[in-house]
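Using numbering that gives the first Met the number 0, read the sequence shown as starting at 0 and increasing by one per residue. Ideal placement from N, C-alpha and C gives every residue a C-beta, glycine not left out. Because the structure is a prediction, the values reported are computed rather than measured.
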Amino acid sequence: MIIGSRFIFCKDIESTNTYATGLLQSESVTEGTIIYTNYQSAGRGQKGNRWESEDGKNLLFSTVLYPRIIRPKDQFIISIFISLGICDFLKMLITDCKIKWPNDIYAGDDKIAGILIENSIISDAIINSVAGIGLNLNQEEFPEELPNPVSLKILTRKEYDPDYCLKQLAGCLDLRYKQVISGSWDELRNQYISSLYQLNTWRRFRSEKGILEGRIVSVTESGCLRIEEKAGNTREFLFKEIDFCI
Ligand code: BTN
Numbered sequence: 000m001i002i003g004s005r006f007i008f009c010k011d012i013e014s015t016n017t018y019a020t021g022l023l024q025s026e027s028v029t030e031g032t033i034i035y036t037n038y039q040s041a042g043r044g045q046k047g048n049r050w051e052s053e054d055g056k057n058l059l060f061s062t063v064l065y066p067r068i069i070r071p072k073d074q075f076i077i078s079i080f081i082s083l084g085i086c087d088f089l090k091m092l093i094t095d096c097k098i099k100w101p102n103d104i105y106a107g108d109d110k111i112a113g114i115l116i117e118n119s120i121i122s123d124a125i126i127n128s129v130a131g132i133g134l135n136l137n138q139e140e141f142p143e144e145l146p147n148p149v150s151l152k153i154l155t156r157k158e159y160d161p162d163y164c165l166k167q168l169a170g171c172l173d174l175r176y177k178q179v180i181s182g183s184w185d186e187l188r189n190q191y192i193s194s195l196y197q198l199n200t201w202r203r204f205r206s207e208k209g210i211l212e213g214r215i216v217s218v219t220e221s222g223c224l225r226i227e228e229k230a231g232n233t234r235e236f237l238f239k240e241i242d243f244c245i
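Structure below.
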């Protein structure tokens with residue numbers, strides 16, 4: 000086992016990603032080490048957002064990787080394998096699990112997990128990667144400003160054991176990481192694309208240049224979202240350049 004080779008529990012920390020990054024600067028960390036906590040005082044999300052999670056209710060962890068076979072231009076494969084690993088875990092418990100590009104995990108139309116990947120890149124190598132995951136297990140009430148949060152408990156009315164779930168999820172992530180290492184990248188990319196939330200569904204998107212109507216048809220190897228417009232042309236967007244209209 001690589002992911003989940005070691006577990007480090009840290010009570011009440013700022014952020015497992017921040018802690019893991021600090022640890023990497025001060026000592027050698029075994030690949031696949033998982034740093035997990037019950038509560039983050041400054042949990043970080045994508046686009047500079049905060050990640051809020053009630054004490055002891057959810058999974059909050061980061062794993063440290065040394066993905067030497069991945070060149071910086073291919074770093075999106077990390078988002079792909081982490082997203083698929085989370086879906087593999089969730090599909091053992093719920094039926095409708097999709098990836099909202101680039102790496103939000105959705106159950107139906109609601110967000111159940113988020114991923115924050117921070118790569119340390121020097122020239123043409125990824126020196127290390129810290130992949131942080133927040134997955135809502137037992138939380139039933141969320142801050143009002145969050146648009147569409149959901150948890151496994153809300154969906155299934157069951158209570159989940161965080162330690163058991165963490166070990167199960169680590170196993171799912173590990174299997175997907177081994178696919179990366181063995182070079183099954185096309186398979187991973189194809190499975191990622193077919194798991195996309197609202198793939199091939201006509202809908203409205205908000206881009207920097209205004210509203211556009213189109214459908215997601217694919218994601219490029221570098222992670223750009225490919226959208227076909229009604230006129231038949233295809234456009235590619237980077238993260239932050241496009242969002243779904245609600
Ligand atoms: C997002 O969807 O905005 C990404 C959320 C990522 C949250 C996790 S919780 C564990 C790890 N530590 C953090 O500070 N963030 C990630």
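So the alpha helix (DSSP H) residue i belongs to, where does it begin and stop?
{"i": "Val218", "result": "No alpha helix (DSSP H) holds Val218; the beta strand (DSSP E) holding it covers 209-218."}
{"i": "Glu227", "result": "No alpha helix (DSSP H) holds Glu227; the beta strand (DSSP E) holding it covers 224-228."}
{"i": "Asn16", "result": "15-25"}
{"i": "Ser83", "result": "The identity of residue 83 in the sequence shown is Leu, whereas the question assumes Ser. It spans 75-90 - the alpha helix (DSSP H) in which Leu83 sits, taken as one unbroken run."}
{"i": "Ser193", "result": "184-193"}
Please classify residue i as buried or exposed, where buried requires at least 16 neighbouring CB atoms within 10 angstroms.
{"i": "Tyr163", "result": "exposed"}
{"i": "Ser55", "result": "For clarity, residue 55 is Gly in the given sequence; the question names Ser instead. With fewer than 16 other Cβ atoms within 10 Å, it is exposed."}
{"i": "Gly222", "result": "buried"}
{"i": "Gln24", "result": "exposed"}
{"i": "Ser150", "result": "buried"}
{"i": "Asn147", "result": "exposed"}
{"i": "Leu145", "result": "exposed"}
Return the chain-ordered list of same chain residues with a C-beta closer than 6 Å to the C-beta of residue i, the five sequence neighbours on each side being excluded.
{"i": "Arg205", "result": "Asp242, Cys244"}
{"i": "Arg175", "result": "Phe80, Leu83, Gly84"}
{"i": "Ile210", "result": "Arg203"}
{"i": "Leu22", "result": "Val28"}
{"i": "Tyr38", "result": "Asp11, Asp54"}
{"i": "Ile2", "result": "Gly31, Thr62, Ala169, Leu172, Asp173, Tyr176"}
{"i": "Tyr105", "result": "Lys97, Lys99, Tyr196"}
{"i": "Ser40", "result": "Glu13"}
{"i": "Gln138", "result": "Glu53, Lys56, Asn57, Ser150"}
{"i": "Phe238", "result": "Pro101"}
The beta strand (DSSP E) with residue i in it runs from where to where?
{"i": "Asp109", "result": "109-121"}
{"i": "Phe8", "result": "6-8"}
{"i": "Tyr35", "result": "33-35"}
{"i": "Arg203", "result": "202-206"}
{"i": "Thr62", "result": "58-64"}
{"i": "Tyr176", "result": "That residue, Tyr176, is in no beta strand (DSSP E); its alpha helix (DSSP H) goes 161-181."}
Between residue i and residue j, which are expected to be in contact by the criterion C-beta below 8 Å, what is the C-beta distance as a whole number of angstroms?
{"i": "Arg214", "j": "Asn199", "result": "5 Å"}
{"i": "Gly42", "j": "Glu53", "result": "Between Glu53 and Gly42 the Cβ distance is about 11 Å, and since that is not below 8 Å, they are no contact."}
{"i": "Ile98", "j": "Leu195", "result": "6 Å"}
{"i": "Ile77", "j": "Ala130", "result": "7 Å"}
{"i": "Asn118", "j": "Gln74", "result": "6 Å"}
I'd like the list of long-range same chain contacts for residue i, defined as Cβ closer than 7 Å, with 5 residues on each side in sequence excluded.
{"i": "Thr219", "result": "Arg225, Glu235"}
{"i": "Tyr35", "result": "Phe6, Phe8, Thr15, Leu59, Phe60, Leu165"}
{"i": "Asp103", "result": "Lys110, Gly113"}
{"i": "Asp95", "result": "Ala106, Gly107"}
{"i": "Glu207", "result": "Glu240"}
{"i": "Pro71", "result": "Ile120, Asp123, Ile125"}
{"i": "Pro142", "result": "Glu51"}
{"i": "Ser217", "result": "Ile192, Arg225"}
{"i": "Gly44", "result": "Trp50, Gly113, Leu115"}
Residues in the same chain with beta-carbon distance under 8 Å from residue i, minus the five sequence neighbours each way, listed in chain order, please.
{"i": "Leu168", "result": "Leu58, Gly84, Ile85, Phe88, Ile132, Leu134"}
{"i": "Glu228", "result": "Leu211, Glu212, Gly213, Arg234"}
{"i": "Glu186", "result": "Gln178"}
{"i": "Ser4", "result": "Thr29, Glu30, Gly31, Thr32"}
Determine contact between the stretch 84-93 and the stretch 182-189, defined as no fewer than three beta-carbon pairs at a distance below 8 Å. Contact between the stretch 84-93 and the stretch 182-189 is absent, because fewer than three Cβ pairs lie under 8 Å.
Given 8 Å, three or more beta-carbon pairs between the stretch 18-30 and the stretch 101-116: When Cβ pairs closer than 8 Å are counted between the two stretches, the stretch 18-30 is seen not to touch the stretch 101-116, the count staying below three.
Contact the stretch 61-68 vs the stretch 142-156: 3+ CB pairs below 8 Å: Output reads no: the stretch 142-156 does not touch the stretch 61-68.
Do the stretch 8-23 and the stretch 190-198 make contact, defined as three or more Cβ pairs closer than 8 Å? Contact between the stretch 8-23 and the stretch 190-198 is absent: fewer than 3 CB-CB pairs across the two stretches fall below 8 Å.
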